[in-house]
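Please read the structure below before turning to the comments.
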Amino acid sequence: MTVPAFIEARRSIRSFTDREVPNALITDWITAACTAPAPHHSRPWRFVSVSSKSRKEALATGMADAWKSDLESDGVSDERIYELTSASREKIHGAPAIVLGCLTWDGLDRYQDERRNTAEFGMALLSLGAAVENLMLACAHDGFASCWVASPIFCPEAARDALGLPQTWLPHAMVVIGEAAPHYVGRPRPPIPLEDLHLGL
Ligand SMILES: Cc1cc2nc3c(=O)[nH]c(=O)nc-3n(C[C@H](O)[C@H](O)[C@H](O)COP(=O)(O)O)c2cc1C
Numbered sequence: 524m525t526v527p528a529f530i531e532a533r534r535s536i537r538s539f540t541d542r543e544v545p546n547a548l549i550t551d552w553i554t555a556a557c558t559a560p561a562p563h564h565s566r567p568w569r570f571v572s573v574s575s576k577s578r579k580e581a582l583a584t585g586m587a588d589a590w591k592s593d594l595e596s597d598g599v600s601d602e603r604i605y606e607l608t609s610a611s612r613e614k615i616h617g618a619p620a621i622v623l624g625c626l627t628w629d630g631l632d633r634y635q636d637e638r639r640n641t642a643e644f645g646m647a648l649l650s651l652g653a654a655v656e657n658l659m660l661a662c663a664h665d666g667f668a669s670c671w672v673a674s675p676i677f678c679p680e681a682a683r684d685a686l687g688l689p690q691t692w693l694p695h696a697m698v699v700i701g702e703a704a705p706h707y708v709g710r711p712r713p714p715i716p717l718e719d720l721h722l723g724l
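In terms of this note's numbering, the sequence shown opens at residue 524 and continues consecutively.
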């Protein structure tokens, strides 16, 4: 089985050095993201790059507060909530750069029924995933490490408001980016059981 080396090279890295990520590279990676396939030739994405400490703090606090309230309603203990939200805050502060992938309805079709609106939104979300993968592949190509972090998809409005983004931009993907910490050892990539994952008809 042969996977192209540029695809194989991307791994999720969760620990970084302090080295700054040049803005020019971030814009290159966002440009790469924007070459992803998209429904109706639209680009229903907006990318927000965050590198200042104050903006990271705002984002970390906004999302941690939203998560805390979810965990409280799940009946999770205060101690565990503190542990989880602190780790989440650390993830944001420990990343030299962050790119948030947001969805908008710009360019998408609107329908009179919920079923088709949900399908349309699903299509946009799929295309955001393709864009995020492009971004991460481009990071890896330039020797930088990244990891997709799920948190904003659970609290898009909180992430949006924490950064003062337009109401129509809903953050759904967060990518933390930096130079890989030298000590970081990723998990080996598990084998790919094609017999379970692929049905040839
Ligand atoms: C939608 C999505 C959300 C993810 N969220 C997280 C996350 O919150 N934290 C994390 O450490 N990794 C997260 N990951 C990364 C996966 O854990 C990782 O891609 C997977 O383990 C495969 O490893 P690899 O990317 O090194 O090949 C996420 C990946 C995707 C696609």
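All C-beta atoms in this analysis are idealised placements derived from N, C-alpha and C, irrespective of residue type, glycine included.
Who pairs with residue i in a beta bridge, going by DSSP?
i      : result
Arg710 : Arg710 is not bridged to any residue.
Ile700 : Ala620, Ser669
Trp568 : Leu626
Val573 : Ile621
Which term fits residue i, buried or exposed, when burial requires 16 or more other beta carbons within 10 angstroms of its beta carbon?
i      : result
Thr558 : exposed
Thr608 : buried
Val708 : exposed
Pro527 : exposed
Ala532 : exposed
Quick check on the DSSP output: the alpha helix (DSSP H) that includes residue i runs from which residue to which?
i      : result
Phe644 : 637-664
Trp590 : 576-596
Glu531 : 528-531
Leu717 : 717-720
From the options, pick the residue whose C-alpha is nearest to that of residue i; which is it?
i      : options                        : result
Pro619 : Gly645, Ala532, Val544, Pro713 : Val544
Gly687 : Val698, Ala581, Asn546, Ile553 : Ala581
Leu623 : Ala682, Pro713, Leu724         : Ala682
Cys662 : Thr525, Ser538, Ile553         : Ile553
Gln690 : Ser611, Pro679, Met697, Val698 : Pro679
So what's residue i in DSSP terms, helix, strand or just coil?
i      : result
Pro560 : coil
Ser538 : coil
Leu693 : strand
Asp632 : coil
Arg683 : helix
Determine, for residue i, whether the minimum Cβ-Cβ distance to residues of chain B falls below 7 Å.
i      : result
Thr525 : Absence of chain B from the displayed structure is noted, only one protein chain being present.
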